[in-house]
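Below you'll find the structure, written out as structure tokens, and then a few comments.
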Amino acid sequence: CFQLHRYVRSEWNPLNPDELIDFLDQWAGIFPLSLQSHVLNHMVLPRLRVAVDQWDPTKSSVPIHAWLHPWLPYLSEQLEELYPSIRQKIARALRSWRPSDGSALSLIKPWKPVFDFKTWEKFTYANIVPKLEGALSTLAVGPLSTTSQDDAKKKVDWIFRWTGHISSHRLCRLLAKHLFPKLHAALYRGLGAVESPDFADVASWYEGWKGLFPPELEAQEEVRLQFNTCLVMMNAAVSGEDLAPHDPSKNEGRQHHAEAAPGRGAGSASAPMEPMDARDLDVTLKDLVENFSMQRGIEFIPKIGRFRDSFQIYSFGGISITLDNRREEIEAFLQGKWEKVSLEKLLSSI
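Each residue of the sequence shown is one higher than the last, beginning at 882 in this note's numbering.
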């Protein structure tokens, strides 16, 4: 056991888990369970802690899931203490990320089955959704010609990469807010630009956009309604009807009013991103603080084994804090004493 301890502590490279895992599997029938537990919890886990602490997603050539996930069958619950630090590091790396770069999906996709649903939703909401919304907000849909749509379709493809990794209802709401109004406006202009539009080109334009949508999104009611608006407008033009009642600009006022209605997640100048639905995710104070820290690139991780009055002590940008979810109170250790603070005061104290 001494030789094994020396090997794990000094010679084993945590980025190469297979050798040690193979050894433990071979001796599993011989080592008593107490010894196996000792090796995993007091030899392997400390080395993994150090490796995670040293890991930099912007520099490492080996993705962290490749050397950490093989330990899930052995240290599933124990590894959870490492996840906040991993999320913080990934969040900081994503601050300079752009949706045109597919590497972000490769980096975080393996973590979806590892993180619980609420954590995954919260993480992607804070770090991915704002970037996708930014890309869609700059999207321009030109006239109804094939070549003019290429750039817009490329940006939409960036969004569709995340289908299955970000909830369909959230992606649909982004598309309804930033893509479909532009499609409706382009179609309206194209149908009214000439006395006799080329309806073959119009149909090709419609099918081209509709064909981009992954089946999972195309089947959503919100998407079907948006494309139905296009069909209604096209049928009116074919029938020679006045298109004025279908002018998308006349719906803008109603759309803004609907977005501002209570419970609909209004987008404002100070908070343009679609708000998270706390009712769906049962957001706690810890969730709010973690989301707040991720959006600002501040480290927020638990201090392992540190408690105060039975509350876990966390490090928030180097400041020790505790969270009382029931009372929704934050206490921070500032100037030698514990005191209740707001997130704004905590931020200004860093």
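Note that the Cβ used here is the ideal one computed from N, Cα and C, for glycine as well.
With 16 other Cβ atoms within 10 Å as the buried cut-off, status of residue i
i	result
Gly1217	exposed
Leu901	buried
Trp1086	buried
Leu1106	exposed
Val1113	exposed
Gly1071	buried
Pro898	buried
Glu1097	exposed
Arg1135	Low confidence applies to Arg1135: its pLDDT is 48, below 50, so where it sits in the model is not reliable enough to give any reading.
Pro1126	exposed
Ile1231	exposed
Glu1212	buried
His1059	buried
Leu1227	buried
Asp1168	buried
Arg1051	buried
Ala1016	buried
Phe883	exposed
His886	exposed
Pro913	exposed
Glu1171	buried
Ala1118	buried
Pro1143	Bear in mind that the predicted position of Pro1143 carries a pLDDT of just 42, short of 50, making it unreliable; the figure below should be weighed with that in mind. Burial call: exposed.
Pro994	exposed
Ile911	exposed
Phe998	exposed
Pro954	exposed
Phe1080	exposed
Pro980	buried
Ser985	Note that residue 985 is Ala in the sequence shown here, rather than Ser. It is buried - the Cβ of Ala985 has at least 16 other Cβ atoms within 10 Å.
His1138	Reliability of the predicted coordinates at His1138 is poor, the pLDDT of 44 falling under 50, and no value is obtained from them.
Val920	buried
Contact set for residue i: own chain, Cβ-Cβ below 8 Å, skip 5 residues either direction
i	result
Asn1109	none
Gln1178	The sequence given here places Gly at residue 1178; Gln does not occur at that position. The answer, listed in chain order, is Ala972, Arg973, Arg976.
Gln917	Leu905, Ala909
Gly1023	Ser1029, Gln1030, Ala1033, Ala1067
Leu1055	Val1010, Leu1013, Glu1014, Leu1017, Ile1040, Glu1155
Pro951	Pro898, Asp899, Ile902
Met1175	Arg968, Gln969, Ala972, Phe1004, Ala1007, Asn1008, Phe1181
Leu1093	Lys1034, Val1037, Asp1038, Phe1041
Ala1074	Pro1024
The alpha helix (DSSP H) enclosing residue i, as first and last residue numbers
i	result
Gln959	Run containing Gln959: none; DSSP gives neither H nor E here.
Asp1123	It is not in any alpha helix (DSSP H) - Asp1123 carries neither H nor E in the DSSP assignment.
Leu975	964-975
Lys1221	Per DSSP, Lys1221 belongs to no alpha helix (DSSP H); it is in the beta strand (DSSP E), 1218-1222.
Phe839	Past the boundaries of the shown model lies residue 839; the chain is included only from 882 to 1231, so the question cannot be answered.
Ile989	984-989
Phe996	Run containing Phe996: none; DSSP gives neither H nor E here.
Pro1096	1096-1099
His886	883-887
Residues near residue i in its chain [Cβ-Cβ closer than 6 Å; skip 5 each side]
i	result
Glu1103	Cys1053, Ala1057
Leu1224	Phe1173
Ser1201	Ile1194, Phe1214
Phe1192	Thr1203
Val836	The requested residue 836 is not part of the displayed model; the chain covers only 882 to 1231.
Ile1047	Thr1005
Thr939	Ala974
Arg1189	Thr1203
Val1222	Ile1211, Ala1213
Asp1063	Before going on, a small fix: residue 1063 reads as Lys here, not Asp. Correct list, in chain order: Val1022.
Ile945	Trp936
Beta-carbon contacts of residue i that lie in its chain and below 7 Å, excluding the five residues immediately before and after
i	result
Asp1234	There is simply no residue 1234 to check, as the chain begins at 882 and stops at 1231 in what is shown.
Glu1209	Leu1166
Phe930	Per the sequence presented here, residue 930 reads as Arg, with Phe not at that position. Leu963, listed in sequence order.
Pro895	Arg928, Leu929, Ala932, Trp948
Thr1019	none
Arg1220	It should be pointed out that residue 1220 corresponds to Glu in this sequence rather than to Arg. Correct list, in chain order: Glu1212, Ala1213.
Residue-level contact to chain B via CB, residue i, 9 Å cutoff
i	result
Val1010	Looking for chain B here will not work: only one protein chain is present.
Complete runs of the alpha helix (DSSP H) confined to the region 893-944 [at least 4 residues]: 898-907, 914-920, 926-935
Cβ contact check for the region 1179-1190 and the region 1002-1019: 3 or more pairs under 8 Å: no
Cβ pair count under 8 Å reaching 3, the region 1200-1218 against the region 997-1006: no
Every unbroken alpha helix (DSSP H) within the region 1004-1033, with a cutoff of 4 residues, ordered by chain: 1010-1018
Whole runs of the alpha helix (DSSP H) within the region 1041-1094, excluding any shorter than 4 residues: 1049-1059, 1061-1074, 1080-1093
Cβ pair count under 8 Å reaching 3, the region 922-935 against the region 956-971: yes
Beta strand (DSSP E) runs contained entirely in the region 1179-1213, provided each spans 3 or more residues: 1181-1189, 1192-1197, 1200-1205
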